[in-house]
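Residue numbers (the numbering used here): 18 to 523.
Glycine is no exception: its CB is placed at the ideal position from the N, C-alpha and C atoms.
In this text the structure is predicted, and so the values were computed from the model without any measurement.
Note sheet for the following structure.
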């Protein structure tokens with residue numbers, strides 16, 4: 018399990034472990050780990066120079082210890098440090114690290130060098146930053162970002178909130194790292210919102226702290242292991258009724274494309290039969306996927322089966338009536354798009370959602386989540402995990418808060434952050450495809466939480482696969498995702514050790 022820890026939890030672990038160790042032991046371990054990663058990154062490079070940016074706190078102490086370790090390494094590494102002292106006296110550990118570095122061949126610089134170093138190690142500020150970077154620290158960060166130098170950040174990119182993934186401060190800046198070596202435990206902010214752009218590849222070093230010191234985590238990274246029990250190989254005696262029916266309820270006038278995309282997502286994710294229950298007359302069939310059936314929503318029993326409701330549905334009185342009927346029924350529901358906005362505007366519909374006992378998954382993007390919570394989009398983005406949890410608790414449903422590092426929350430289990438996907442998903446219709454995939458997994462018997470986890474992971478992995486094939490991220494379109502999602506899902510099932518009867522493979 019890839020656990021994620023809050024800053025408060027990391028501080029508590031650090032405090033408890035430090036009491037059992039020699040002073041500065043954890044800082045020395047961090048410096049040693051950072052030096053080893055730096056040497057690995059420099060391997061094979063002609064330019065074996067390292068520039069370390071060391072701030073006034075313990076993060077700066079980690080960087081200074083790394084500098085001393087690199088200077089001692091018999092690897093021909095040129096080591097330079099820019100040290101920014103603080104207004105207050107450094108901690109004894111950081112002061113000792115500074116003295117340690119000063120005793121070696123480390124060069125201390127007053128400004129950025131003229132020549133590009135092979136690697137920059139960012140140790141300006143760690144998880145304790147409470148306000149936007151300013152002064153010399155801000156100038157350094159802006160200059161390094163502008164130069165595009167390769168950066169290894171220690172613990173967290175300087176300027177980034179480790180809990181939320183937001184850049185600290187209303188006008189803040191943060192380092193853009195190629196890699197982040199984070200200490201003790203992984204942090205959610207490295208994988209969601211702006212953290213997805215600033216942290217780069219994330220590597221965790223527990224600093225030799227034993228498992229006994231780690232509390233239960235309230236968040237974790239999404240991975241196939243979380244939904245592996247649902248990845249079952251199909252029996253040869255299967256038929257289309259074995260894998261469920263999915264109906265996409267939507268398609269008001271002028272918006273027929275959204276339910277079609279959702280239906281294709283459901284079809285390619287393995288549902289036995291898929292149909293569109295359209296609010297207004299539209300295409301009689303999908304010329305790309307003629308397997309998809311079409312019905313008039315007025316005549317369709319929206320209270321049963323598995324429904325994806327909302328894509329292209331609009332906000333009419335008829336749409337609200339259909340949504341109310343669906344919420345009152347026993348259908349497994351994926352609620353998306355316009356249906357979410359209708360719920361946000363109606364106390365009655367909100368109460369119907371929270372009163373449901375049938376599986377219910379909501380898939381809001383940040384604006385839709387903000388409407389549901391009665392807050393601003395900025396407030397949602399500053400606390401993506403907290404807002405997803407709040408929605409899940411208030412609506413008693415599974416919530417997928419979409420965006421960079423989508424958050425999957427339930428009201429009674431750990432929150433999950435998804436790391437698959439790329440900017441190619443930032444285009445119209447991709448959310449419709451995600452809703453269809455989720456509905457398909459529900460129809461195939463996946464529990465609601467696993468269906469949400471699997472759909473989000475597969476959807477993101479499909480986008481990553483397309484980029485690997487040279488399709489995107491620029492110009493990737495939603496219609497390309499279903500086939501890629503199918504390939505990802507089949508690979509997962511083929512690699513799974515679960516037989517159709519639920520028993521492990523021998």
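{"Query": "Which one or two residues does DSSP pair with residue 171 in a beta bridge?", "Result": "198"}
{"Query": "Does residue 25 come out as helix, strand or coil in the three-state DSSP assignment?", "Result": "helix"}
{"Query": "Measure the alpha-carbon distance for residue 349 versus residue 327 and round it to whole angstroms.", "Result": "14 Å"}
{"Query": "Please report how far the alpha carbon of residue 445 lies from the alpha carbon of residue 259, in whole angstroms.", "Result": "32 Å"}
{"Query": "Does the pairing of the region 386-406 with the region 172-183 give three or more beta-carbon distances under 8 Å?", "Result": "yes"}
{"Query": "Applying the criterion that 16 or more other CB atoms from any shown protein chain within 10 Å of the CB defines a buried residue, is residue 491 buried or exposed?", "Result": "exposed"}
{"Query": "Please report the straight-line C-alpha distance between residue 121 and residue 99, rounded to a whole angstrom.", "Result": "15 Å"}
{"Query": "Among residues of its own chain, excluding the 5 on either side of residue 480, which ones have a beta-carbon nearer than 6 Å to its beta-carbon?", "Result": "438, 439, 441, 442"}
{"Query": "Of the residues 447, 457, 465, which one's Cα is nearest the Cα of residue 494?", "Result": "447"}
{"Query": "Measure from the alpha carbon of residue 364 to the alpha carbon of each residue in 391, 238, 204, then state which is nearest.", "Result": "391"}
{"Query": "Counting pairs of Cβ atoms below 8 Å between the region 267-278 and the region 325-339, do you hit three or more?", "Result": "yes"}
{"Query": "On the DSSP bridge assignment, give the partners of residue 66 in chain order.", "Result": "95"}
{"Query": "Are the beta-carbon atoms of residue 47 and residue 207 separated by less than 8 Å?", "Result": "no"}
{"Query": "With distances taken from CA atoms, which of 335, 226, 357 is nearest residue 30?", "Result": "226"}
{"Query": "Can you name, in chain order, every residue of its own chain whose Cβ lies under 6 Å from the Cβ of residue 124, other than the five neighbours on each side?", "Result": "97"}
{"Query": "To which residues of the same chain is residue 56 closer than 8 Å at the C-beta, ignoring the five residues directly before and after it?", "Result": "87, 90, 92, 94"}
{"Query": "Touching or not, the region 152-170 and the region 188-195, by the rule of three or more beta carbon pairs under 8 Å?", "Result": "yes"}
{"Query": "First and last residue of the alpha helix (DSSP H) that includes residue 386?", "Result": "383-390"}
{"Query": "So, is residue 131 buried or exposed, given that buried needs 16 or more other C-beta atoms within 10 angstroms?", "Result": "exposed"}
{"Query": "By alpha-carbon positions, which one of 167, 128, 216, 261 ends up nearest to residue 176?", "Result": "216"}
{"Query": "Considering only the beta carbon of each residue, do residue 504 and residue 286 sit closer than 8 Å?", "Result": "no"}
{"Query": "With a threshold of 6 Å on Cβ separation, who are the neighbours of residue 452 within its own chain once the five nearest residues in sequence on each side are excluded?", "Result": "279, 325, 351, 353, 380"}
{"Query": "The alpha helix (DSSP H) spanning residue 475 covers which residue range?", "Result": "465-485"}
{"Query": "Comparing alpha-carbon positions, which option in 420, 370, 436 lies nearest residue 409?", "Result": "370"}
{"Query": "Going by CA-CA distance only, name the one from 49, 65, 151 that's closest to residue 72.", "Result": "151"}
{"Query": "Excluding the 5 residues flanking residue 218 on each side, which residues of the same chain have their C-beta closer than 6 Å to its C-beta?", "Result": "196"}
{"Query": "Nearest to residue 64 by CA position, among 436, 414, 115, 167, is which residue?", "Result": "167"}
{"Query": "For residue 523, count the other beta carbons within 10 Å of its own beta carbon; 16 or more makes it buried, fewer makes it exposed. Which is it?", "Result": "Here residue 523 scores only 42 on pLDDT, less than 50, and its place in the model is too uncertain to base an answer on."}
{"Query": "Using a Cβ-Cβ cut-off of 6 Å (strictly less than) and excluding sequence neighbours within five positions of residue 463, which residues of its own chain qualify?", "Result": "247"}
{"Query": "Tell me whether the region 294-302 and the region 233-240 touch, counting them as touching only if at least three CB pairs, one residue from each stretch, are closer than 8 Å.", "Result": "no"}
{"Query": "Classify residue 272: buried if its beta carbon has 16 or more other beta carbons within 10 angstroms, exposed otherwise.", "Result": "buried"}
{"Query": "Do residue 478 and residue 458 have their CB atoms nearer than 8 Å?", "Result": "no"}
{"Query": "Where does residue 125 sit, in a helix, a strand or coil, going by DSSP?", "Result": "strand"}
{"Query": "Leaving out five residues before and five after residue 345 in sequence, what residues of the same chain have Cβ atoms less than 7 Å from its Cβ?", "Result": "320, 369"}
{"Query": "Since I believe residue 465 is in contact with residue 415 (beta carbons under 8 Å), could you give me their beta-carbon distance rounded to a whole number of angstroms?", "Result": "5 Å"}
{"Query": "Is the number of C-beta pairs between the region 301-318 and the region 240-257 that are closer than 8 Å three or more?", "Result": "no"}
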